[in-house]
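Working notes for the structure below.
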Amino acid sequence: MSKIKMTPSEAICETLVAEGITHVSGIVGSAFMDLIDLFPTAGIEFISVRHEQSAGHMEDAFCRVTGKAGVIIGQNGPGITNMVTSVAAANSAHTPMVIICPSAGTPTVGWDGFQEADTVQIFKAITKAAIQVPHPSRAADCLRTAFRIAYAERGPVLYDIPRDYFYGEVEEQILEPHQYRVSQRGCGDLASLDKAAELLFSAERPVIISGRGVVDTQARDIVAGIAGLLTAPVACTYLHNDAFPADHPLWVGPIGYMGSKAAMHSLAEADVILALGTRLSVFGTLPQYDINYFPENAKIIQVDINPRHIARTHPVEIGIIADAKEAAKEILKRLEAKIPAPEVNKGRLATIKARQKDWEDEIVSLAMVDGDPINPRRGLYEVQKALPENAIVATDIGNVSSTANSYLKFTGKGMHIAALTFGNTGFAYPAALGAQLADRNAPVVAIIGDGAWGMSLHEVSTAVEQNLPVVAIVFRNGGWCAEKKNQVDFYNNRFVGADIPNPESFVPVAIAMGAEGVRIEKAEEVGPALARALAARKPTVLEIVCDGTQLAPPFRKDALKLPVRLLPKYQKLDYRNWDKN
Numbered sequence: 271m272s273k274i275k276m277t278p279s280e281a282i283c284e285t286l287v288a289e290g291i292t293h294v295s296g297i298v299g300s301a302f303m304d305l306i307d308l309f310p311t312a313g314i315e316f317i318s319v320r321h322e323q324s325a326g327h328m329e330d331a332f333c334r335v336t337g338k339a340g341v342i343i344g345q346n347g348p349g350i351t352n353m354v355t356s357v358a359a360a361n362s363a364h365t366p367m368v369i370i371c372p373s374a375g376t377p378t379v380g381w382d383g384f385q386e387a388d389t390v391q392i393f394k395a396i397t398k399a400a401i402q403v404p405h406p407s408r409a410a411d412c413l414r415t416a417f418r419i420a421y422a423e424r425g426p427v428l429y430d431i432p433r434d435y436f437y438g439e440v441e442e443q444i445l446e447p448h449q450y451r452v453s454q455r456g457c458g459d460l461a462s463l464d465k466a467a468e469l470l471f472s473a474e475r476p477v478i479i480s481g482r483g484v485v486d487t488q489a490r491d492i493v494a495g496i497a498g499l500l501t502a503p504v505a506c507t508y509l510h511n512d513a514f515p516a517d518h519p520l521w522v523g524p525i526g527y528m529g530s531k532a533a534m535h536s537l538a539e540a541d542v543i544l545a546l547g548t549r550l551s552v553f554g555t556l557p558q559y560d561i562n563y564f565p566e567n568a569k570i571i572q573v574d575i576n577p578r579h580i581a582r583t584h585p586v587e588i589g590i591i592a593d594a595k596e597a598a599k600e601i602l603k604r605l606e607a608k609i610p611a612p613e614v615n616k617g618r619l620a621t622i623k624a625r626q627k628d629w630e631d632e633i634v635s636l637a638m639v640d641g642d643p644i645n646p647r648r649g650l651y652e653v654q655k656a657l658p659e660n661a662i663v664a665t666d667i668g669n670v671s672s673t674a675n676s677y678l679k680f681t682g683k684g685m686h687i688a689a690l691t692f693g694n695t696g697f698a699y700p701a702a703l704g705a706q707l708a709d710r711n712a713p714v715v716a717i718i719g720d721g722a723w724g725m726s727l728h729e730v731s732t733a734v735e736q737n738l739p740v741v742a743i744v745f746r747n748g749g750w751c752a753e754k755k756n757q758v759d760f761y762n763n764r765f766v767g768a769d770i771p772n773p774e775s776f777v778p779v780a781i782a783m784g785a786e787g788v789r790i791e792k793a794e795e796v797g798p799a800l801a802r803a804l805a806a807r808k809p810t811v812l813e814i815v816c817d818g819t820q821l822a823p824p825f826r827k828d829a830l831k832l833p834v835r836l837l838p839k840y841q842k843l844d845y846r847n848w849d850k851n
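Following my numbering, the residues of the sequence shown are numbered contiguously, the last one being 851.
Structure, rendered in structure tokens:
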């Protein structure tokens, strides 16, 4: 196809169409009106949110479900800076995304004009790249570069275009994605794969850690094949509980904060670890429950698509830069050649089963402790029992939401969309909306504390407008309880800023916004209420009133210290004087 005349807006729009983009999320602004005027005719829906941060979380989740980069847009200046947190979260989660960022018009740059901001500098640290359009004729070319980098480096890319560059006349050829970017990554170095298979074959206590790369490439069955040949327990990385089916006999659950002790005890004894599709984050491998479970002497085989992640946090024996699925297939093929007649290690399987049972018994026992009115763990346990196997669950950060890491199990097509290590509150509900956009037929729920709900409840009206039947499960405990637990353990029950004086109930708020609302004050009502809400296929808020005194361990026990006070006026706050007060 030869170049033809079009406007820069048309070149941008046609490039989005070529990329298969069917919707863009954001809030309308004058800076890009010439572009969005084309959207209806192009077949691109504009999803209007109530706060630009939500757009980023929605498209983060949309990409995690579909594998397709999300696109967000906002007004130059404040509209784009409102997206900082959600873009940073997507960057930490390694989620491809393109931020169409109108900037101040070129005639007025540097005059501190209306809504002028140096957004390129603001976003450089939280994106894989910040691409600036240097001339209107480069509008499509720079957008192609943004998509290329987003997919290649697995993260968000800022596409900065001065607002006056949408107008005019250019000559452009609209290319298909295969003409400017490559999707396939391959299996990695063959010699390294040979060594990996040999190391696993000779291991006495191999353990597999399955991460997001396995989810993204739908490689769980292949991981199960490797595990079966080796009788190797499979742990999921932090908050990727969907990285291995929980009904598989070799599943031991997730690691990381509030993860599974079965997984941690299994890892602690490993002599060889196959880490598939994971960067092995520092926070996700910290000691938990006073168990320093990540072994120092185990030989690690790390497979990740991004070379920057190999051996960044833990030294490796073998590093393989590859697509998780393709590498796993090659490792499986080599192991099958070495083990033509596999036999189950019955002793090891019995140990795995015993650990699974011990962990399940422990978390169920903790859930069955009475609460006033509901033990939050009991609420999570009842939610898990009521979830369909194909449910998509978005989880926020916070004391209750993070405890879900102990309870959430996934089989079949279910998915876990979590806030991950960026850990910002207000993630789960807009993420759930994005997941529902990605799969209109899936049952989608969000698990949220009442603190995070205050940051996201405005998007209920977006759910109603877009007919997204997400069920928001709001655990109402009246506080920022992750922080409250720190104040219990480290500050002698001195609570500053930890209590949240919420409205009497969120239910009337939900109803006023056009959604369904249900208040739950008895544990036995949780499961039936969730089942009804999912069956109704309407935007719904389930408010679970739970005990604010039943708290999980602190997030960063490693990073806090008992308070020492040196000035006389603060001596009563010194931990050495607590018994004297």
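Note that beta-carbon positions come from the ideal geometry of N, C-alpha and C, so glycine has one too. Since we're looking at a predicted model, the values are computed, not measured.
Nearest candidate by alpha-carbon position, reference residue i, set the options
i	options	result
ILE667	GLY693, HIS686, TYR677 and ASN660	GLY693
ILE496	ALA607, TYR559, TYR508 and ARG414	ALA607
LEU690	GLY526, PRO404 and LEU445	GLY526
HIS405	ARG490, GLY347 and ALA281	ALA281
PRO577	GLY458, THR351, LYS755 and PRO372	GLY458
GLY721	VAL714, LEU707, ALA288 and GLY696	GLY696
SER480	LYS465, HIS448 and TRP521	TRP521
LEU657	VAL741, PHE384, GLU423 and ALA533	VAL741
THR583	PHE553, ILE575 and ASP560	PHE553
LEU727	ARG710, THR555 and PRO809	PRO809
SER453	PHE514, ILE419, THR621 and LYS569	ILE419
SER536	ILE561, ARG549, THR548 and ASP517	ILE561
PRO278	GLY290, CYS412, VAL298 and ASN711	CYS412
ARG549	LEU678, TYR651, HIS364 and ASP382	HIS364
Coil, strand or helix - residue i by DSSP
i	result
CYS853	There is no way to answer for residue 853, as the model of the chain reaches only from 271 to 851.
THR548	coil
CYS412	helix
SER676	helix
CYS371	strand
ALA855	Given that the chain is displayed from residue 271 to residue 851, the structure contains no residue 855 and the question cannot be resolved.
ASP628	helix
PRO377	helix
PHE514	coil
LYS839	helix
ALA275	Reading off the sequence, residue 275 comes out as Lys, not Ala. DSSP places LYS275 in strand when its eight states are reduced to three.
HIS871	Only positions 271 to 851 of the chain appear in the structure, and residue 871 is not among them; the question remains open.
PHE316	strand
GLN706	helix
ALA400	strand
ASP849	helix
ALA712	coil
Local Cβ density within 10 Å of residue i, reported as buried at 16 or more and exposed below that
i	result
TRP723	buried
GLU566	exposed
ASN511	buried
THR376	exposed
THR635	Here the sequence assigns Ser to residue 635, which means Thr is not the residue at that position. SER635 should be labelled exposed.
PRO310	exposed
ILE343	buried
GLN323	buried
LEU463	buried
PHE776	buried
MET303	exposed
GLU446	exposed
TYR437	exposed
MET367	buried
Terminal residues of the alpha helix (DSSP H) in which residue i lies
i	result
THR487	Where THR487 is concerned, there is no enclosing alpha helix (DSSP H), given that its DSSP letter is neither H nor E.
PHE393	389 to 394
LYS603	594 to 608
LYS569	Careful: LYS569 lies outside any alpha helix (DSSP H), inside the beta strand (DSSP E) at 569 to 574.
GLY649	646 to 656
ARG424	Run containing ARG424: none; DSSP gives neither H nor E here.
GLU468	460 to 472
Beta strand (DSSP E) segment containing residue i, residue limits
i	result
PHE745	741 to 746
GLU813	810 to 815
PRO524	521 to 524
THR665	662 to 665
Short CB-CB distance (under 8 Å) between residue i and chain D
i	result
GLU284	Absent here is chain D; the protein component of the structure consists of one chain.
For this session: Decide yes or no for the touch test of the segment 480 to 498 against the segment 585 to 594: beta carbon pairs closer than 8 Å, at least 3 of them.
Result: yes
Exercise. With a cut-off of 8 Å, do at least 3 Cβ pairs link the segment 781 to 798 to the segment 752 to 772?
Worked result: no
For this session: Please confirm if the segment 821 to 829 is in contact with the segment 745 to 760, defined as three or more CB-CB distances below 8 Å between the two stretches.
Result: yes
For this session: Give a yes or no on contact between the segment 728 to 744 and the segment 778 to 796, applying the rule of three or more CB pairs nearer than 8 Å.
Result: yes
For this session: Please confirm if the segment 318 to 337 is in contact with the segment 283 to 291, defined as three or more CB-CB distances below 8 Å between the two stretches.
Result: no
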